[in-house]
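Below is one structure, written out as structure tokens; the observations come after it.
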Amino acid sequence: MVLTYVGLGVWEETAGRQEGCALEELFSDSKLGGSRLDEYGSSSLQVQWIAAMVYALHSCGGLRAIYDTLRRVCGTDVQNAASDVPSRNEPQIRRTDESLELWCSLTLLYLFIEISRTTGTGETLRGDVLALEPNLLNYLTQIVARLRWDEQAPVPLTKMLLLAWKTILVSFGGIKDVERVKASVTENRDEKDNRGQPLITASPLDYHLFRQEIGSKYPAYQPPPPLFALEPENNSILPPLKHRRPSYAVANDTMFTGAPAVGTSSIMHQPVHIATPAPSPPPSPAGPGKAGKKQNYQTNQMFPFLYPPLDASSNELGGKGTTELQDALVGRRWEGSDVPTSILEAAELFAKRMRATRAMKQLWEARVDFMKQERGWKNPQDGSQLPEVDDFELGTALAPEETAEQCQPVVQTDEQRRLAKVNDYYRCSLPHLQSVVIVLLKAVLQNVTDLVTKGNGQNGLQAGIQFNDTTGANGTKPAENGVNGYTYSIENTAEELDKLRTQEITAKALSAILLLLLKWFKLSHILQYEYMTQLLLDSNYVPLILKLWQTQEIGRACHYKLDRDERNFFYFCQTNSRHGVPKSPKAQMKDSAAEEWEDDAAPPPIKLKRDELQEGPQSPVTDMLDFTHPPEVDELGYPQTPLPSTPLKSYSYRNILSAVNYLRVLQKITRRKTHRALLLVSYKSSTHLKKTLKIPIHPLRYYTLKLFKSQVPFCGRKWRQGNMKIITAVWLSVPAELRDDWLSGGGGGMGGACVGDVDGTVEDALPLEQSLRALTHWWNVRNFPDVMGVEKGMMEEEMDYFTRELEKMESVAREEEMVAEEQGLGEDAWQGPIEGY
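For what it's worth, the UniProt record's numbering labels the leading residue of the sequence shown as 1, then goes sequentially.
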């Protein structure tokens, strides 16, 4: 307790005093926004003392001592809780003085991490925090994962999540660090065109589909080669799907269908056809008084392009016909090849703008290794085995100046060190990630349960997650000035407000943890990111977040602030200090007014002229505006309610950050995944996502429109007709690629034979999801066999392809011999030729 009192700045002496240096000089990141240092101006001396006392404790070895105390207390509390688990009817265990010691340890450790992260002189402290053994982030991950199995453990989840979030920021970095590291490993990131705009790029998968379409119309034309050697029948980086039939088996079935089957987009795979189609029969005569229906003749796009006419060189090469008549009619000679110039330019432009991301290259390398090992071409341990010493040939000795320095550590950049830390954390936390995700989502479920219980009275949350079409909880319309779906009243005591505030803090911390882990895992290796998204999907993240938005009025939750001055930490410190209870803002205003007027009895100054009246009519509506209700905009961003003239300064920054993080995580889970986008459609997520479009906050609208973009191809025509504003907003707000046919679906690795093949995309959705999961599990087993529970030598036994095939052949031969012996047709049964034959 004494160390905690000292670490918190000796508030009895320093609280409420505005002395010392400016806080902007102490905290280097204060100019980036979000620091809210202006709220702590009345206790600036206490803030400076907190930083000074943390450095003093660190110089005395306090960091290591506090960390050891935290580990000891956590281990003791968890063991005691496991031995004294109450039954259903017994009251819950009350936390005793041991929890107080745990609270003090967590508070001091949080101060160490925050000071090392925010102050400009905290590099030494930051290095010592990262050098703790066992690793602090790994230890916190194990403690949070243990809460999945032991819910009675007296461990404060909110404080643990806050500590884990700040530790991730110290160990790896925030969003800006992610962008900086991403820029260092990305090639040609800042490419711009002649106008200075960002260069529109294309995916290698889109270029692969483009080559197939051009090849079907111009079989003799060879476009520039792609970056990856994809199979003709495959349009995904994942291994080829096994549920598809060969092209020759479906060629006859799909000759004249609207959407071709996979592998049949080229006319070379179809039977010979007549170049000039047979004329259609005349239409039936219309009845009296009826207008004839207009006929719509369309060229079959699967046939080769027959025009423009060929040049003279074609006559010499193949004798396909002359262009003399066409040249005479047009008045000029046709110069060019068989392929139109526009097609050639399109292919060259497509090939130049093709960019493969780092994640796509990593996925391709894993795919190649997976297919080689599956077919018996590569041993799973080839990458880790080193050559024997006897395999080296001895050569002539080199001069010392010709050799590299020995026993010198390889110099790594800051970006490389961060990526190495992320990879080490993934290796250590791989067995605990699933439990961590479940614990985090349990906190979200508890928040949903409280919201539904508050709306339903004592009924509580029914079994299962059901989605209603109403906007409020239990079909009721939420009050106008409600917070999180219900209003302030006498029943909402300070205890309930504290509970709501704790839920906001928990949601802010866990959403930030999920987003940061996803971003850093994707930067380290794409399959680490895919494994994390699979865990979130399997833990029902999608329906849980949609249920949260259904029960919570997100606009009001972001507009109203639950923080009260009397519940503030610095208010508490000043109340218990020598200065006493701080004055209210109204009293401060009165004091400032009294200082301006030294003599309150002085008469007002005599005006030399009258005040000029403001010209122009005044609208009575602007005088009566009440901005207690949150402002709203429509789908295109136009205001539906009068907006305030000045930016709002009082809002719930925690709920805004949590809502943005939830949207970003949901978008990362469903991005370019047809199977997961269909889940959003089946849950009718558009009804709940429209709420966030009404909030005039750009990040909320941007990521909501991205979620709409992924589900538009699978929504019906009726939905599109009724939501044209949303489709227009997607076109205007979300950046597009060079060939981004998101309205028609297909392409981009989402399945289907071609762009617009929605049926094929839906058919390939589940196999693509299964293929991705199989590749992810194989990659984890191959790279982290020790944490995946794979014994040494097991991979060699399972992956010995030729041994397995020989054993199968031998087993079949033995079965045939046994059958022959049973039927008496074995070799022993032969007794020579039978007489008479």
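Built from N, CA and C at the ideal position, the CB exists for glycine as well. Note that the structure is predicted; figures quoted are calculated from it, not measured.
Item                                                                                                                      : Value
C781 vs L679 beta-carbon contact at 7 Å                                                                                   : The sequence as given places Val at residue 781; Cys does not occur at that position. For V781 and L679, no; Cβs fall outside 7 Å.
Nonlocal neighbours in the same chain, by C-beta distance under 8 Å from G7, ignoring five residues either side           : I50, M53, V54, L57, T107, L108, L111
Proximity of T506 and A557 at Cβ, strictly below 7 Å                                                                      : no
Cβ separation of S59 and G749, assumed to be a contact under 8 Å, to the nearest whole Å                                  : At roughly 55 Å, the Cβ-Cβ gap does not stay under 8 Å, so S59 and G749 are not in contact.
DSSP three-state assignment for M1, whether helix, strand or coil                                                         : coil
Segment contact, 8 Å Cβ cut-off, at least three pairs: the region 148-167 with the region 694-710                         : no
Euclidean distance between Cα positions of Q528 and T776                                                                  : 8 Å
Spatial distance of I66 from V2 (CA atoms)                                                                                : 13 Å
Contact set for Q466: own chain, Cβ-Cβ below 8 Å, skip 5 residues either direction                                        : Here Q466 scores only 49 on pLDDT, less than 50, and its place in the model should not be relied on; the value that follows carries that caveat. Excluding sequence neighbours, Q466 sits near nothing in its chain.
DSSP-derived helix/strand/coil call for residue 838                                                                       : It is not possible to answer for residue 838, since the shown part of the chain is limited to 1 through 837.
Cα-Cα separation between S524 and Q667, rounded to whole angstroms                                                        : 19 Å
Inter-residue Cα distance where the pair is K649 and K561                                                                 : 10 Å
Local Cβ density within 10 Å of V819, reported as buried at 16 or more and exposed below that                             : exposed
Three-pair Cβ contact test at 8 Å for the region 199-208 versus the region 352-362                                        : yes
Buried versus exposed, by CB contacts within 10 Å (16 or more), E821                                                      : exposed
Contact under 7 Å by Cβ, K499 with R654                                                                                   : no
Where G752 falls, given that 16 or more other Cβ within 10 Å makes a residue buried                                       : buried
Residue 842, enclosing alpha helix (DSSP H) - first and last residue                                                      : Since the first residue of the chain shown is 1 and the last is 837, residue 842 is not available in this structure.
First through last residue of the alpha helix (DSSP H) which encompasses R782                                             : 758-783
Whole-angstrom distance between T141 and W778, CA atom to CA atom                                                         : 24 Å
Beta-carbon separation (whole angstroms), I554 vs K691, contact threshold 8 Å                                             : 5 Å
Distance between R676 and F714 (C-alpha atoms, nearest Å)                                                                 : 12 Å
Boundaries of the alpha helix (DSSP H) in which N135 is found, first to last residue                                      : Note, N135: premise wrong, no alpha helix (DSSP H); not H, not E.
Top-ranked residue by Cα proximity to F210, from E345, R701, A164                                                         : E345
G121 (DSSP reduced to helix, strand or coil)                                                                              : Sequence inspection shows Thr at residue 121; the Gly mentioned does not correspond to that position. Coil, per DSSP.
Identified DSSP bridge partners for V170                                                                                  : None, per the DSSP bridge assignment.
Three-state secondary structure assigned by DSSP to V10                                                                   : coil
Whether L70 touches S116 by CB criterion (7 Å)                                                                            : no
Q640 at chain C interface by Cβ criterion, 7 Å                                                                            : Of the protein chains in this structure there is only one, and it is not chain C.
Same chain, Cβ closer than 7 Å to I438, neighbours up to 5 away in sequence not counted                                   : R148, S539
Cross-strand partners of K192 (DSSP beta bridge)                                                                          : P198
Unbroken alpha helix (DSSP H) run spanning D369, endpoints                                                                : 358-374
Sequence-distant residues of its chain with Cβ nearer than 7 Å to K421 (five each side left out)                          : S171, F172
Rounded distance between the beta-carbons of M532 and L510, thought under 8 Å                                             : The Cβ separation is near 14 Å, so there is no contact.
Beta-carbon contacts of V73 that lie in its chain and below 8 Å, excluding the five residues immediately before and after : E98, E101, L102, S105
Complete alpha helix (DSSP H) runs within the region 670-745 (minimum length 4 residues, chain order)                     : 674-682, 685-693, 698-711, 717-722, 724-733
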